[in-house]
Structures are given as structure tokens and as C-alpha cells.
Amino acid sequence: MSASREDNTSPDAQLSSHFFGDLLDSIVVDIASECHRIAKLGLDRNLEDEEEELRLSTQARVRAADPSNSGETNSKYVVDIFGQTHPPVANEIFDCMNCGRSIMAGRFAPHLEKCMGKGRKARLKAARSSTAAQNRYSRGSPASTYSPYSNSTSTNRLSNGSTGVAGEELSNGTSEEP
Amino acid sequence: MRHSVNRPPTPDAAEDQEKEPTLQEIINIKLIESGEKERLMELLRERLTECGWKDEMKALCRAFIKKKGRNNVSVDDLVHVITPKGRASVPDSVKAELLQRIRTFLNSAAL
């Protein structure tokens, strides 16, 4: 059997190609069988992880799109995408830097309103303390500066007969009129 | 039930004895008996792994499995996926090397 090597279609070349194909087929079957085994036994972690993620994300999407979820009473404890729940009011406790009391985080804003003067009571409290300061200064002088302005303080107008500073009205109540 | 591998039916023993073995079959037997077929197989495996061909084929398999779902795939399916692409993408150098060795064997085992 001495066929020439140059001839591509010689029985020799054909035979070689045939055996080469044979070897290749065996190797292909080996690879296919190995991949099949790995897939069926779930040994390919990447495949599994992606499937799992896909499943979880479709589940979450369904839950988010479901309108009945938001109306339920347990909506306060809705689970977010990381699987965590948060209480409706933040419950971490710390000290207020204004008054020094222990305050719960979720109640901090209302506390600050009262504590720093935005609320009604606080404002009155502040106003009272400022007028008290003014009164303390005004008792020393005879209030002559205040007489044209009758509204400012009530200490100048004494109508009841006690000895007034101005002294124009008699204690009997009778006043002389021209 | 789906079989995972399709096997051709086993040939009948009686039929076989009437035919004469073809050249191919004779050479095949010689290849196997001398151990050359095994050596060639190992050589081809090594070359194909080195050049990344095996990884390409495995990637094809994984993509196919992901698409169809891993419980709907048989070995046969995978073989049909790989074979056409596989045959086409063997590097020429690898193919030449193997063909050369086979031809050498054929010449040395000249009938």
C-alpha cells in the first residue's frame, strides 16, 4: 500500500482523516458527558447562583408590584430587598445637646421644638423671662418717661386709690374739675 | 424515558461472520492492539486542552444548559451542540500533527 502523500484524496489521507475524526468524536463525547454530569449534580456553582438570583429577583418584583401588600396591617414591618425589617419609629437613644436629656431618635424633632423654642409654651416662657428683665430695671425711675405711652407697663396706672406715684388723683375718689 | 446516550443496536454475531473485515476495521484493530490509539488519544486531548479548545466546548455546553434548564438536557443534546463547532475549530497545527502521526503508523503497519 504505497499511496503518494501529495494526493489529498488518496486512501491514505482519507484513512488518516477518518481515524482523526474518530478520536475527536470520542473526546467530544467525554466532554459532553462531563458537562452533563456537572450540570445534573449541581456542581457548577455559577449556574446555581445565577438561577437562584433570578428566582429571588422575580419573586421580589412580584411582591413589589402586588397592590394588596401596602394596605395590610403588618405593612409596618415590610421586608426590603435585603431581607431586613425596620421598626416604624427609629428607636436608638442618645442625649439632647441642648437640654441634656435622653431622647429617642424618632422623637427627637418634636423634642427639639419644645426644647429650643419653636413651640407655643417655649415661646411664652422665653417672652416672660425677657419682660421680667425689663420690669426689674423700670421700678427704680419714677416712670416719667413712660407717661405718654400708657400701654407699655401697668405700674403707672393705679386707679384704685393706693398712693400713686403721679399723685394727681385724690384717694377719696373725688377729683376736682374746673 | 429518554436515554441520555443513544447507542446503535449491537450487531448480530451471526451476521458478522459472513462479511470480511474492511481495511478500516483491520487498521482499527491494529491501532488498538498496539496501544497506538490510546497514545494518539492522549496526545490529542493534551493538545486540545493546551490551546483552549476544551474550555471553549465546555463554555458552549454551559450556555446551552443555562438556556434549556439543567434538567432538560441529555448527553446526546450536548454532543450535537459541540460536534459541528468542535470539528471546525480544531487548530490546524494540532490537526496536522495528529494526521502526521497516524500516517506514520499506517506506513509502519504496512499491510
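Here the protein sequences come in this chain order: A and B. To convert a position in the first sequence, counted from 1, into our numbering, add 718. To convert a position in the second sequence, counted from 1, into our numbering, add 358. Just so you know, even glycine gets a beta-carbon here, dropped at the ideal spot from N, CA and C.
Spatial neighbours of residue i in its chain, beta-carbon cut-off 7 Å, leaving aside the 5 residues before and after
| i | result |
| --- | --- |
| A/Cys814 | Ile821, His829, Cys833 |
| B/Lys395 | Leu389 |
| A/Asn808 | The displayed chain sequence assigns Ala, not Asn, to residue 808 of chain A. Within the same chain, A/Ala808 has close Cβ partners Ala823, Gly824. |
Limits of the beta strand (DSSP E) - the one that residue i falls within
| i | result |
| --- | --- |
| B/Ile440 | Careful: B/Ile440 lies outside any beta strand (DSSP E), inside the alpha helix (DSSP H) at 433-446. |
| A/Asp813 | 811-813 |
| B/Ser362 | Unbroken run through B/Ser362: none, as it is neither H nor E. |
| A/Ser820 | 820-822 |
CA nearest to the CA of residue i, picked from the options
| i | options | result |
| --- | --- | --- |
| A/Ser775 | A/Asp798, A/Gly760, A/Leu759 | A/Asp798 |
| B/Ile385 | A/Ser734, A/Cys753, A/Ile749 | A/Ser734 |
| A/Glu810 | A/Gly824, A/Pro729, A/Arg755 | A/Gly824 |
| B/Leu402 | A/Ile756, A/Ser744, A/Arg819 | A/Ser744 |
| A/Ala750 | B/Ile387, B/Pro369, B/Glu378, B/His438 | B/His438 |
| B/Ile440 | A/Asp784, A/Glu752, A/Asp730 | A/Glu752 |
| A/Asp762 | B/Lys416, B/Val452, B/Ile460 | B/Lys416 |
| A/Leu742 | B/Asp370, B/Pro442, B/Phe463 | B/Pro442 |
| B/Arg445 | A/Ala757, A/Val747, A/Ala782 | A/Val747 |
| B/Ala476 | B/Glu400, B/Ile387, B/Ser362 | Any property of residue 476 of chain B remains undetermined from this structure, which presents chain B solely from 359 to 469. |
| B/Arg428 | A/Ala782, A/Glu831, A/Ala757 | A/Ala757 |
| B/Val363 | A/Cys817, A/Ala778, A/His754 | A/His754 |
| A/Arg781 | A/Glu770, A/Glu771, A/Val796 | A/Val796 |
Chain-order list of residues whose beta-carbon lies under 6 Å from that of residue i (same chain, five-residue window excluded)
| i | result |
| --- | --- |
| A/Ser877 | In this predicted model, A/Ser877 has a pLDDT of only 46, less than 50, meaning its place in the structure is not dependable; the value taken from the coordinates is given anyway. Result list for A/Ser877: empty, nothing under 6 Å. |
| B/Glu414 | none |
| B/Pro367 | none |
| B/Lys412 | Leu406 |
| B/Leu436 | Cys419 |
| B/Phe463 | Glu394 |
Where the alpha helix (DSSP H) containing residue i begins and where it ends
| i | result |
| --- | --- |
| B/Glu404 | 394-408 |
| A/Cys753 | 729-759 |
| B/Glu378 | Note, B/Glu378: premise wrong, no alpha helix (DSSP H); not H, not E. |
| B/Thr462 | 450-466 |
| A/Pro805 | Counting along the chain, A/Pro805 falls outside any alpha helix (DSSP H), and DSSP gives it neither H nor E. |
| B/Arg420 | 411-426 |
| A/Cys833 | 826-834 |
Same chain, Cβ closer than 8 Å to residue i, five either side skipped, listed in chain order
| i | result |
| --- | --- |
| B/Val431 | Phe422, Ile423 |
| A/Gly789 | Below a pLDDT of 50, predicted positions are generally treated as unreliable, and A/Gly789, at 46, falls in that range; the measurement from the model is reported next regardless. Here the set comprises nothing. |
| B/Leu457 | none |
| B/Val448 | Leu406, Trp411 |
| B/Arg459 | Leu398, Leu401 |
Contact test: residue i Cβ vs the ligand MG heavy atom, cutoff 6 Å
| i | result |
| --- | --- |
| B/Leu381 | Among the components modelled here there is no ligand, and therefore nothing to report on the ligand MG. |
_Residues, ordered as in the chain, of the stretch 725-745 of chain A that lie near chain B by beta-carbon distance below 9 Å_ = Pro729, Asp730, Ala731, Leu733, Ser734, Ser735, His736, Phe737, Phe738, Gly739, Asp740, Leu741, Leu742, Asp743, Ser744, Ile745
_Under 7 Å, CB to CB, which of the residues in the stretch 744-758 of chain A have a partner in chain B?_
Ser744, Ile745, Val746, Val747, Ile749, Ala750, Ser751, Cys753, His754, Ala757, Lys758
*Scan the stretch 377-402 of chain B for residues whose Cβ lies nearer than 8 Å to a Cβ of chain A and list them as they occur along the chain.*
Leu381, Gln382, Ile385, Asn386, Leu389, Lys395, Leu398, Met399, Leu402
*Got a sec: which bits of the stretch 410-425 of chain B sit with their beta carbon under 8 Å from any beta carbon on chain A, in order along the chain?*
Lys412, Met415, Lys416, Cys419, Arg420, Ile423, Lys424
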